[in-house]
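A.B. asks: This is the structure I have questions about; it appears just below.
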Amino acid sequence: MRVEINKAIEGCRNKQIIGAALETEVNYLPEDKALKDSLTWLKEFGNQDVDLFRDWLIVSNFQVVSDLAENSLIIDNNALGKIQINKAQGQKCDRCWHYQKETFNGVQNTKLCKRCSNIINFEFI
Ligand SMILES: [Zn+2]
14 MRVEINKAIE GCRNKQIIGA ALETEVNYLP EDKALKDSLT WLKEFGNQDV DLFRDWLIVS
74 NFQVVSDLAE NSLIIDNNAL GKIQINKAQG QKCDRCWHYQ KETFNGVQNT KLCKRCSNII
134 NFEFI
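Heads up: the sequence shown begins at 14 in my numbering, then just goes up one per residue.
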């Protein structure tokens with residue numbers, strides 16, 4: 014699956030639609046039932062932290078969806094399902110470069126995502 018997603022992102026980069034993988038969000042519509050079940054299972058019973066997927070893929074966001082969004086950059090159809098690459102929304106976190114809808118003000122006018130702001134606050138304690 015990772016190979017397919019990276020291929021789709023690479024396609025966007027080649028067309029110069031985006032500069033970096035972190036500028037994208039990935040929607041994944043699984044058509045393979047076994048894969049869908051395991052992703053759903055992971056979400057419900059495994060690590061609640063969906064950050065796992067986005068870090069693994071090095072994109073700003075990853076979600077398993079049942080409907081694709083409108084206005085995507087690319088939709089890739091493959092044996093595993095549909096992979097939709099969207100432009101990431103929100104602001105870029107100055108620390109990890111992920112795009113997040115929710116950002117927090119850090120020191121020296123920096124913008125931080127929730128996770129980084131938690132890490133940084135923790136370091137100050
Ligand atoms: Zn961050």
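We treat Cβ as the ideally placed atom computed from N, Cα and C, and that holds for glycine.
Say yes only if the C-beta of Cys-25 is nearer than 7 Å to one or more non-hydrogen atoms of ligand 1, and no if none qualify.
C.D. replies: The residue labelled residue 25 in the question sits at position 12 within the sequence shown. False, no ligand heavy atom lies under 7 Å from that Cβ.
A.B. asks: Going by the CB atoms, is the gap between Glu-44 and Leu-93 shorter than 8 Å?
C.D. replies: As a first step, residue 93 must be located in the sequence shown, where it is residue number 80. As a first step, residue 44 must be located in the sequence shown, where it is residue number 31. The answer is yes: Cβ separation under 8 Å.
A.B. asks: Within the present structure, is the beta-carbon of Arg-67 separated from the nearest heavy atom of ligand 1 by less than 7 Å?
C.D. replies: Taking the sequence shown and counting its residues from 1, one reaches residue 67 at position 54. No; taking the cut-off as 7 Å, the Cβ of Arg-67 has no heavy atom of ligand 1 nearer than that.
A.B. asks: Pick out whichever of Val-78, Gly-32 and Leu-48 has its Cα sitting closest to the Cα of Val-72.
C.D. replies: Against the sequence shown, residue 72 aligns to sequence position 59. When each option's Cα is compared against that of Val-72, the closest is Gly-32.
A.B. asks: If we ignore side chains and look at the alpha-carbon of each, how far apart do Val-78 and Arg-26 end up?
C.D. replies: Position 65 of the sequence shown, counted from the start, is the residue given in the question as residue 78. Position 13 of the sequence shown, counted from the start, is the residue given in the question as residue 26. Going from the Cα of Val-78 to the Cα of Arg-26 covers about 23 Å.
A.B. asks: Among Asn-40, Lys-28 and Lys-114, which one has its Cα closest to the Cα of Asn-90?
C.D. replies: In the sequence shown, counting from the first residue as 1, residue 90 sits at position 77. The option with the nearest alpha carbon to Asn-90 is Asn-40.
A.B. asks: Enumerated in chain order, which unbroken segments of the alpha helix (DSSP H) with a length of 4 residues or greater are wholly contained in the segment 43–97?
C.D. replies: List check, alpha helix (DSSP H) in window: 46–58 and 64–70.
A.B. asks: Kindly examine ligand 1 and report whether one of its heavy atoms sits closer than 7 Å to the Cβ of Asn-125.
C.D. replies: If you number the sequence shown from 1, residue 125 lands on position 112. It is Leu, not Asn, that sits at residue 125 in the sequence shown. Result yes, Cβ under 7 Å from ligand 1.
A.B. asks: Helix, strand or coil for Cys-106 per DSSP?
C.D. replies: Here residue 106 refers to the residue found at position 93 of the sequence shown. Coil.
A.B. asks: Taking 7 Å as the cut-off, is the CB of Arg-15 close to at least one heavy atom of ligand 1?
C.D. replies: Taking the first residue of the sequence shown as 1, we reach residue 15 at position 2. No, Cβ of Arg-15 sits at least 7 Å from all heavy atoms of ligand 1.
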